[in-house]
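Asks: In short: position in the sequence shown from 1, add 92, done, that's our numbering. Think of the CB as a built atom: it goes at the ideal place given N, C-alpha and C, for glycine as much as any other residue. Computed from a predicted model, the values in this text were never measured in an experiment.
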Amino acid sequence: MDLSRQLKTAIATGSLLFGQRQTLDACARGDARLVLLAANCPSDYIDDLRARHPEVTVHQAPVVNRELGVACGKPFSISTICVLDAGESELLQLDDNLA
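#1: In this structure, how does DSSP classify D177 when only helix, strand and coil are distinguished?
#2: Could you give the DSSP three-state label for L186: helix, strand or coil?
#3: Can you grab the Cα-Cα spacing for the pair Q112 / S171, in whole Å?
#4: Check S171 in the structure and name its three-state DSSP category.
#5: Do you know offhand how far P156's Cα is from D117's?
Below, the structure written as structure tokens:
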């Protein structure tokens, strides 16, 4: 799966949130369907997210936060993306492969 292409499709046709705070808020509301993390996302944040919201699928991307921002077409680094609605993308098919 081409992650960059799927992210652009999800941005255009679905609903995504960017950032750690917005992701935690969406998980707390029960709106999150998938959380996509950069390879260099802080491990304490990941551990906290997994402990608080074990029902949410978490996928760690093989790219760092700067590359994740570029893949989303944003002029800033993104360490966390929360998928509320994947739209026409295949993002929800990502497996929970967090080590």
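Replies: According to the structure shown:
#1: DSSP, reduced to helix, strand and coil, places D177 within a strand of the structure shown.
#2: coil
#3: 7 Å
#4: The DSSP-derived three-state label of S171 is coil.
#5: Pro is not the amino acid found at residue 156; the sequence shown has Val there. In a straight line, the C-alpha of V156 is about 23 Å away from that of D117.
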